[in-house]
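Since the structure comes first, as structure tokens, the remarks are kept for the end.
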Amino acid sequence: MTEPNTSPPTPTPPPPSPTPPSPSGRPPTILATSGGHRAGGGRTMLEFDALVHHAVELSGAHGRRPRVMYVGTAIGDAEHFTARMTEAARVAGFDLTPLRLFPMPNLDDVEGAVLDQDVVWVMGGSVANLLAVWRVHGLDGIFRGAWRSGVVLSGVSAGSICWFQGGTTDSFGPELRPVTDALGFLPYGNGVHYDTDPGRRPLVHDLVANGTLPTTHCTDDGVGLVYRGTELAEAVTEIPGKGAYIVTRDGDTATEERLEPRQLPRAG
1 MTEPNTSPPT PTPPPPSPTP PSPSGRPPTI LATSGGHRAG GGRTMLEFDA LVHHAVELSG
61 AHGRRPRVMY VGTAIGDAEH FTARMTEAAR VAGFDLTPLR LFPMPNLDDV EGAVLDQDVV
121 WVMGGSVANL LAVWRVHGLD GIFRGAWRSG VVLSGVSAGS ICWFQGGTTD SFGPELRPVT
181 DALGFLPYGN GVHYDTDPGR RPLVHDLVAN GTLPTTHCTD DGVGLVYRGT ELAEAVTEIP
241 GKGAYIVTRD GDTATEERLE PRQLPRAG
């Protein structure tokens, strides 16, 4: 007679994570925003607001000056804005490394420089131009490797949309149009300036309803979305009363859910 098997069942192993923890032990992290800067209070023309400081906090940098890379591709590496960001970083106590691609890369080892950062912050502007230039220079692969290695990827407007599947943009002219070939690190669409540009919300709804964009995560000005791996961890804000939104397809229409962001402490 066969004896019954009384040993405990072998547990089913969990499925592998598509974004395993980085060598630092932290999951790959993205902070996608519609904010991060404010007018300077006298010492500088520009200051880092709470969202930039939160990106540094997410990186876990401590015991030294945080290393932040500023990427201004979307505004053509405008020198005056690079100077403002450099001064804002000095006041904040950060070591800023600008990455310029016009007229040629300013760094001999771009990949090494990116991997040496705690945070990459990408400025807004033309997301279509940004994506084209990055791909020519191999930045798409470099940033993916940095993300997996624990460098916090972050940015505002075009510097937010670039990490997603796509979003809405004025890259092609005053009339908003979809962009659907972003880097795709995050499997969603992204809507920025949701409360200040009146054309953004209806276009996002149309694009989600007709399947041009997948489920789309949107931010009012001053709001950021924190992703651990590819999962939305929380919404945060530097401006009281602002919101974040998730727009999903429902048949041939779209539905919108508001998220209440956590208020960040005021920077400075």
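Residue numbers for the sequence shown follow full-length UniProt numbering, so the first one is 1 and each next one is one higher.
All residues carry an ideal CB built from backbone N, CA and C; glycine is no exception.
Which value, in whole angstroms, describes the spacing of the CA atoms of residue i and residue j?
{"i": "T216", "j": "T248", "result": "7 Å"}
{"i": "Y194", "j": "D220", "result": "5 Å"}
{"i": "L176", "j": "P214", "result": "18 Å"}
{"i": "V208", "j": "G189", "result": "9 Å"}
{"i": "A244", "j": "E257", "result": "8 Å"}
{"i": "A132", "j": "L139", "result": "10 Å"}
{"i": "V223", "j": "R266", "result": "13 Å"}
{"i": "D108", "j": "P187", "result": "32 Å"}
{"i": "G25", "j": "V114", "result": "18 Å"}
{"i": "I246", "j": "H37", "result": "24 Å"}
{"i": "P198", "j": "T255", "result": "18 Å"}
{"i": "T97", "j": "A39", "result": "21 Å"}
{"i": "P261", "j": "G191", "result": "16 Å"}
{"i": "G251", "j": "R200", "result": "21 Å"}
{"i": "A32", "j": "W163", "result": "8 Å"}
{"i": "T253", "j": "M104", "result": "45 Å"}
{"i": "P13", "j": "G211", "result": "Since pLDDT at P13 reaches only 36, below the 50 mark, its modelled position is unreliable, and no value is offered."}
Using DSSP bridges, identify the partner residues of residue i.
{"i": "E111", "result": "BP columns for E111 are empty, so no partner."}
{"i": "E256", "result": "V247"}
{"i": "G189", "result": "G166 and T216"}
{"i": "H37", "result": "F48"}
{"i": "V119", "result": "V68 and V152"}
Consult DSSP for residue i and reduce its assignment to one of helix, strand or coil.
{"i": "G159", "result": "helix"}
{"i": "M45", "result": "coil"}
{"i": "R200", "result": "helix"}
{"i": "residue 269", "result": "Within the shown structure, residues of the chain are numbered from 1 to 268, placing residue 269 beyond reach of any answer."}
{"i": "T86", "result": "helix"}
{"i": "D95", "result": "strand"}
{"i": "R135", "result": "helix"}
{"i": "L264", "result": "coil"}
{"i": "L153", "result": "strand"}
{"i": "L225", "result": "strand"}
Which residue from the options puts its Cα closest to that of residue i?
{"i": "G150", "options": "E79, P103 and G60", "result": "G60"}
{"i": "M45", "options": "F81, N106 and G145", "result": "F81"}
{"i": "C218", "options": "M104, P202, R228 and G229", "result": "P202"}
{"i": "A88", "options": "G42, V223, R26 and A209", "result": "G42"}
{"i": "G35", "options": "W147, W121, L183 and R200", "result": "W121"}
{"i": "N129", "options": "D252, G145 and G159", "result": "G159"}
{"i": "D95", "options": "E256, D140, L186 and Y70", "result": "Y70"}
{"i": "P66", "options": "A39, V119, A32 and P103", "result": "V119"}
{"i": "L51", "options": "G191, V226 and A233", "result": "V226"}
{"i": "P28", "options": "W134, D181 and T230", "result": "T230"}
{"i": "D170", "options": "R100, G63, V68 and A74", "result": "A74"}
{"i": "H53", "options": "V236, T168 and G125", "result": "V236"}
{"i": "L58", "options": "N210, S154, A92 and V127", "result": "S154"}
{"i": "R228", "options": "A55, R90, H205 and T180", "result": "A55"}
{"i": "I161", "options": "V204, P240 and I239", "result": "V204"}
{"i": "R135", "options": "G93, L101 and V152", "result": "L101"}
For the alpha helix (DSSP H) containing residue i, list its first residue and its last residue.
{"i": "L58", "result": "A50 to S59"}
{"i": "R148", "result": "L139 to S149"}
Hey, could you find the ends of the beta strand (DSSP E) residue i is sitting in?
{"i": "L31", "result": "T29 to T33"}
{"i": "R67", "result": "R67 to V71"}
{"i": "R177", "result": "R177 to V179"}
{"i": "A74", "result": "No beta strand (DSSP E) contains A74, which DSSP labels as neither H nor E."}
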